[in-house]
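Under the numbering used here, think of the first position of the sequence shown as -17, with each following residue one higher.
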Amino acid sequence: MTTTTAQPRIASGVPAGGEFTAFGHSDNVPALHVPLNVHEQVHLDLMSDSLDPRGETRACRDAVVRSLVGGDFGEDTEQVSALLEDERLVRLAVDRYVVNETTAPGTHRPDQSGQMLGRYLIELTKEDEETAAAWKETSE
């Protein structure tokens, strides 16, 4: 049978063995958990494949909106805000984010997932415009 006892104290909160003495079972241990912010949670959710497609688009929009509110897009704010309405572009941005992070781990900083997803929305729009221009040239 094991008995648990508190360590003797020199002063309030300081164990007798010194500042670096291991905590006893009855001591209050400080919490080492720091809650994730929206961007980090979205990064983890997208990379863990724990969301269905609707959940992924919702998470993407949440992260991008948080970046919009934080002013991360500067003069592109209005464009990114408008692009969030396009379901296809949002899905493609999520796919590009996941593929890039999977093929080259560490490509994205988890705390900037909203900013990267927004940048992908802009890139995808430019690619759509280039493709449309190329189709127009070939059809003439």
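C-beta atoms are modelled at their ideal positions from N, C-alpha and C, and glycine is treated no differently.
- Per DSSP, reduced to three states, the secondary structure at V16 is coil, with no helix or strand assignment.
- Per DSSP, the unbroken alpha helix (DSSP H) holding T84 starts and ends at E69 to T85.
- Secondary structure at G52: coil, using DSSP grouped into helix, strand and coil.
- By the neighbour-count criterion, in which a residue is buried when 16 or more other Cβ atoms sit within 10 angstroms of its Cβ, S95 is buried.
- Contact between V46 and L66 holds, with the beta-carbon distance rounding to 6 Å and staying under 8 Å.
- Boundaries of the alpha helix (DSSP H) around Q97: S95 to S121.
- Cβ-Cβ distances below 8 Å link D58 to G100 and I104 in the same chain, with the five nearest sequence neighbours on each side left out; the list follows chain order.
- Contact check for Y102 and A64: beta-carbon distance about 15 Å, past the 8 Å limit, so the pair fails to qualify.
- In the structure shown, D34 adopts coil according to DSSP, grouped into three states.
- Distance from D54 to Q97 at the Cβ level is roughly 5 Å; contact confirmed, criterion being Cβ atoms closer than 8 Å.
- The DSSP-derived three-state label of H21 is helix.
- Ranked by Cα distance from G37, the options Q61, R73 and S49 are led by R73.
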